[in-house]
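So the sequence shown is residues 1 to 278, counted in UniProt numbering.
Just so it is clear, CB atoms sit at the ideal spot from N, CA and C, and this is done for glycine as well.
Step one of this worksheet: look at the structure below.
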Amino acid sequence: MENHKEHDKQAKERIVSDIKEYDCHLALIESDGYLPAFVYSIGLFETFQHPEVIVFGLKTDVMGNIINHIRDEIRAGKTFNSGTKYSGFLEGFEIQFLDVNKDSYPDYFGYAGWYYKNNFDFPALQLVWPDKESRWPWEHDFNSNWKFKQPLLDRNMNFKFHEETNLGVFTTHHALEGKPILYVYHNEDGDWQFHTEYEPNIEDSKIVCLKDILDKDPTLNEIYHLGYGQTAYRSEIGTEWSIEEMELDPEIEEEVKNSNKKPSLWSKLKSRWSTKNG
């Protein structure tokens with residue numbers, strides 16, 4: 001906890017210092033293996049009355065250089081707008097911008113919200129880049145391997161997960177019948193589980209589309225960022241989620257270690273599933 005507080009203190013001091021010296025600060029967030037890396041500016045709006053800029057999915061140094069280039073152009077009097085294509089920022093390709101939906105601000109602009117007096121009352125643009133065939137992420141023939149490298153922050157506020165809407169996820173009939181989902185697991189192999197109790201009964205299991213689960217409980221979008229091997233839980237709908245690393249059953253962990261194989265879906269959460277009737 002103390003290390004986190006010290007890191008937070010140093011980060012805030014760096015933000016203030018960079019804005020004074022360079023007109024903006026760049027917040028760099030590396031990929032955690034599930035969510036893509038991204039970089040966003042803090043200070044463009046205060047210094048130039050220009051929207052802040054965020055970009056996803058490239059190397060952080062490349063994204064940082066692009067935003068610095070944008071800052072230099074803004075210094076020279078240029079204004080960037082959504083829906084317009086620009087060249088000269090990504091060699092061989094154009095870029096364009098989207099207006100970021102305010103509902104996405106808390107998800108990605110944390111320190112910017114702090115800097116602007118603990119609110120998100122500032123405009124922001126998302127810089128979007130195409131695939132190697134110059135197709136854009138919203139076009140149906142965009143490179144499918146890159147689909148989740150750039151979450152589009154101007155749309156789909158009711159589905160924030162970096163997954164296909166029809167992805168099959170594991171739950172129980174209790175959740176489908178309206179009982180609150182309080183425990184969520186994102187397995188290391190990518191599978192998702194949504195449960196209403198700590199020890200669900202395997203005999204109650206169901207497989208449904210991820211979108212169906214989110215339609216029943218939109219608050220699950222709050223944990224779209226849950227990484228591989230993590231679990232999230234809450235006391236009731238509307239309360240804050242707690243996030244922890246998942247732990248394997250000791251017997252299963254030893255079995256996996258000896259066999260050099262990934263645990264199966266059910267064995268991963270053996271301690272979470274009760275085989276008792278009722």
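For residue i, count the other beta carbons within 10 Å of its own beta carbon; 16 or more makes it buried, fewer makes it exposed. Which is it?
i: serine 104; result: buried
i: isoleucine 237; result: exposed
i: glutamate 52; result: buried
i: leucine 127; result: buried
i: glutamate 177; result: exposed
i: tyrosine 198; result: exposed
i: threonine 79; result: exposed
i: alanine 11; result: exposed
i: threonine 231; result: buried
i: histidine 186; result: buried
i: proline 218; result: exposed
i: histidine 140; result: exposed
i: alanine 175; result: buried
I'd like to know whether the C-beta atoms of residue i and residue j end up nearer to each other than 9 Å.
i: tyrosine 108; j: tyrosine 40; result: yes
i: lysine 64; j: proline 36; result: It is glycine, not lysine, that sits at residue 64 in the sequence shown. Contact: no.
i: residue 279; j: proline 123; result: No answer is possible for residue 279: the residues shown for the chain start at 1 and end at 278.
i: phenylalanine 170; j: tryptophan 129; result: no
i: aspartate 215; j: asparagine 166; result: no
i: lysine 206; j: threonine 172; result: yes
i: leucine 28; j: arginine 71; result: no
i: tyrosine 116; j: glutamate 21; result: no
i: leucine 153; j: asparagine 101; result: yes
Among all the DSSP beta bridges, which residues are the ones paired with residue i?
i: valine 169; result: Val208
i: glutamine 96; result: Lys85, Val128
i: glutamine 230; result: His186, Glu245
i: histidine 195; result: Tyr183
i: histidine 25; result: Ile42
i: asparagine 3; result: According to DSSP, which records beta bridges pairwise, asparagine 3 is partnered with nothing at all.
i: leucine 90; result: Phe93
Validate contact between the stretch 152-165 and the stretch 215-234 using beta carbons, cut 8 Å, 3 pairs: yes
Ranges of the beta strand (DSSP E) found wholly within the stretch 38-82, counting only runs of at least 3: Listed in chain order, they are 38-42, 52-56.
At least 3 beta-carbon pairs within less than 8 Å: the stretch 149-156 vs the stretch 192-206: no
Contact between the stretch 5-17 and the stretch 83-101 (3+ Cβ pairs under 8 Å): Contact between the stretch 5-17 and the stretch 83-101 is absent, with fewer than three C-beta pairs closer than 8 Å.
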